[in-house]
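Quick note: the sequence shown uses this note's numbering, first residue 549, plus one each step.
For each residue, glycine too, the CB sits at the ideal point set by N, CA and C.
Here is the structure we will look at, set down as structure tokens.
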Amino acid sequence: MPSAPSGNLNALLTPRSIAVIGASDHIHKIGGRPIYYMRQHGYRGTLYPVNPQRDTIQGLRSFPSLDALPEAPELAIVVVSGEAAVQAVRDCAGLGVAAAIVIASGFGEAGEEGKRQQQQMVDLARAAGMRLVGPNSQGLANFGSGAIASFSTMFIEVPPQDGPIAVISQSGGMGAMVYGLLRQQGLGVRHMHATGNQADVTVSDLALAVAHDDDVRLMLLYLETLSDPATLAQAAAVARERGVPVVAVKAGRTSAGQRAAASHTGALANEDRAVDAFLAHHGIWRVDDGHALARCAPLYLREWQAKGRGLVVVSNSGASCVVAADAAETSGLEMAPLSTDTQAALAGRLPSFAATANPVDVTAALLTNSGLFGDVLPMIARDAAADMVLLDIPVAGMGYDIERFATDAAAFADSSGKPIAVAAWQPGVAEPFRRRGVPVFANASEALPALSQWRQHRLRLVQLAARPPALPGPARAETPAGTATLSEAASLAQLAAAGVPVVPHRLCRSAEEAVAAWRGFGGPVAVKACAAAVPHKSEHGLVALGCNDEATVTAAFEQQMATLRSMGVQAEGVIVAALVRGQRECMIGARWDPVFGAMLVVGDGGKYVEVVRDTAVLLATCTEDEVERALRGLRIAPVLASVRGEAAVDLAALCRTAVAVGRLVHEAGGTVRSVDLNPVMANPDGVMVVDASMEVAR
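Written out as structure tokens, the structure reads:
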């Protein structure tokens, strides 16, 4: 397991003493809230209000300055703003404070002067070995230790309760919203941290620290930028070893969102498909917004296992049965076919007019017999096809024994080990289920996507547990000042050396050599100009296909050399290659990302690749199994399989080739900037690269 967090991060989460610089006697001011919260919620350390204008604050002795304190506090909360905040950080660094939280705003997010002041604070902190949260941070809150170094209003609106969930957010407002949604579901939250501008400490840093907390069973993250992926990868590894799922929002999917992120926290957005690939590679499930972060939490906190996707719907409304069946399909679940024995058992207990196939409609008889759910759920639990259950209760109330419904559902959840979700929009119906720890949602349209997400995420974590150890990371090259494009001949040579199957070819510098190469291949050939300055040849008329006699080969050579001379391009010659056809044209690409390292792209190829865009992006350290799963998720997947009498293409060879290309770029550590292979001819008996372009660092 990766090492535990450093002492200075412990000073942020479990400090023995805290100074509040700019402390207030008013509990509804930013400088008053942290003191009020910590006195209300059991902080056991020492609090030092710092304010030269007051002798006491909220019943505590107030000190005029940091220098007047009887000791150097482990943590300082900086509420003062502008140059006063910079001076406060300077004072903390000089006194030996381990960590500081700068709550004040108006720094990196507010213009050049603010950026200068922010960098000054970072430089002061780093020179002293002090960790810095913020600026523009709402603060950190550890409800397990009572160290609530935050001014969030949400802790007044929805009182804290320690629990198994950690919320770590770049945005204070988003973190508070997620906290509030969780608490409204009756779920306890242990950590609620907001990093603000992330001048030093990031969401990734805090995720790594929190991942070591034995009482945390679920981590929810909100990110606007991801500048330290290695730290987040380490946090995800610790979480996986402990069986702690990590769910994240990475905002800034669109250009508009990226601009908003930049104006919000001074963040630079990452290329979105690379972010997707990074998060998936490390088992972090990505969702779209804060509501989605909170929605699935009750499912993750249960000890159920992810098996198949067979769903059984049970309801007291026929219409709800139909709607839920539709929602199941769109959510990626399958309506489980109940066995004849199960249906017979259901028929023996339900009214004669009830539906015993899936979905199961217990009918309005539920009003007079509140035990129907308790009767049918154990029967469903015994059916091997039933992997999970949706209990859909569109209407209940006066006359219904809702407490019994909830008791029976909880008994099913505990005894069967199979996931169950309840759809109940009425608060009075939902509450008894929530009180018993049964996941409850407003409707099937929320419940079923949540079940699907939970199942897929758990399955992904199982797959990652079986993944071989990661490739060692190479020493990364400095970002080069410039790049150079290799010729196709040089690119093919490097690929062949890396074990990539490339088309049989010859580099020819005269018409006579070209003709000899054609004769050597004994059939039709492709003749392509070879010049590093012209990587895209077809648009310049520099590709001739199907050449199969001396005159045609000679003419192609002479025409292409003349075209290159007219373009003022230095030519290496022409490539004469065996003419290879493919049952399907695919593409494989890889590039070096300065943040995430080597990235791999694989999918549909050919001349329309930029338009069709049916490709998957993965980290280049992925396995062949991971490439195959990604390909099976593309629109092209049915075409790669056996269809209309055609044999399936050699998917294993395609995956093997993709992994080899990714490894080439990964092991180069940044000296190979990109590889573009299109088309890659995929056939039932293997794959072959027929065109290649490679960009390298100068």
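- Taking all protein chains shown into account, Y1156 has fewer than 16 neighbouring C-beta atoms within 10 Å of its C-beta and is therefore exposed.
- Look at S565 here: in three-state DSSP terms it is strand.
- S868: member of the alpha helix (DSSP H) spanning 866-878, first to last residue.
- With a beta-carbon spacing of about 14 Å, A971 and I950 fall beyond the 8 Å limit used to define contacts.
- A contact between stretches requires three or more CB pairs, one per stretch, nearer than 8 Å, and the segment 910-917 fails this requirement with the segment 956-973.
- Taking each of V1122, V1117, R1113, S1114 in turn and checking the Cα distance to T1102, the smallest one comes out for V1122.
- Assignment of H574 by DSSP, reduced to helix, strand and coil, places it in the coil class.
- Closest in alpha carbon position to E994, among H739, Q666, A872, A905, is A872.
- Residue state for K663 is assigned as helix, using DSSP reduced to three classes.
- Two segments are said to touch when three or more pairs of C-beta atoms, one from each, lie closer than 8 Å; by this definition the segment 840-853 does not touch the segment 897-905.
- Scanning the segment 608-696 for uninterrupted alpha helix (DSSP H) segments of 4 residues or longer gives 630-643, 660-676, listed from N- to C-terminal end.
- Pairing L996 with A876, the inter-Cα distance amounts to about 6 Å.
- Ranked by Cα distance from E1036, the options Y948, A1125, L999, V988 are led by A1125.
- An exposed status is given to S1058, since fewer than 16 other beta-carbon atoms sit within 10 Å of its beta-carbon.
- Residue pairing from DSSP places P597 in a beta bridge opposite V568.
- Residue state for R952 is assigned as helix, using DSSP reduced to three classes.
- Note on the segment 924-989: whole alpha helix (DSSP H) runs with a minimum of 4 residues are 950-964, 975-983, in chain order.
- The DSSP assignment places 1157-1160 as complete runs of the alpha helix (DSSP H) inside the segment 1123-1174, in order along the chain (cut-off: 4 residues).
- Between Q1107 and E1061, the alpha-carbon positions lie close to 15 Å from each other.
- Taking one beta carbon from each stretch, the segment 759-776 and the segment 789-802 have 3 or more pairs nearer than 8 Å; the two touch.
- W833: member of the beta strand (DSSP E) spanning 832-835, first to last residue.
- Assignment of beta-bridge partners to K1085 by DSSP yields no partner.
- Around the beta carbon of H839, fewer than 16 other beta carbons lie within 10 angstroms, which makes this residue exposed.
- DSSP, read as helix, strand or coil, puts N1231 in strand.
- When the five nearest sequence neighbours on each side are left out, no beta carbon in the same chain lies closer than 6 Å to the beta carbon of R674.
- Under the three-state reduction of DSSP, T604 is assigned to strand.
- The beta carbon of R638 sits closer than 6 Å to those of L672, all from its chain and outside the five residues before and after it, given in chain order.
- With 16 or more neighbouring CB atoms inside 10 Å of its own CB, T1033 falls in the buried class.
- Taken in chain order, the whole alpha helix (DSSP H) runs of length 4 or more contained in the segment 733-757 number zero.
- Excluding the 5 residues flanking it on each side, H829 has same chain C-beta neighbours closer than 6 Å at L1167, in chain order.
- By the C-beta criterion, the segment 655-674 is judged not to be in contact with the segment 559-572, since fewer than 3 inter-stretch pairs fall below 8 Å.
- Residue pairing by DSSP places T1031 opposite A1245 in a beta bridge.
- N991 and P980 have their C-alpha atoms spaced approximately 16 Å apart.
- For L1090, the three-state secondary structure derived from DSSP is coil.
- For L617, the CB contacts under 6 Å within the same chain, skipping 5 residues up- and downstream, are Y596, F611 in chain order.
- In terms of Cβ geometry, A1245 and T1031 form a close pair [threshold 7 Å].
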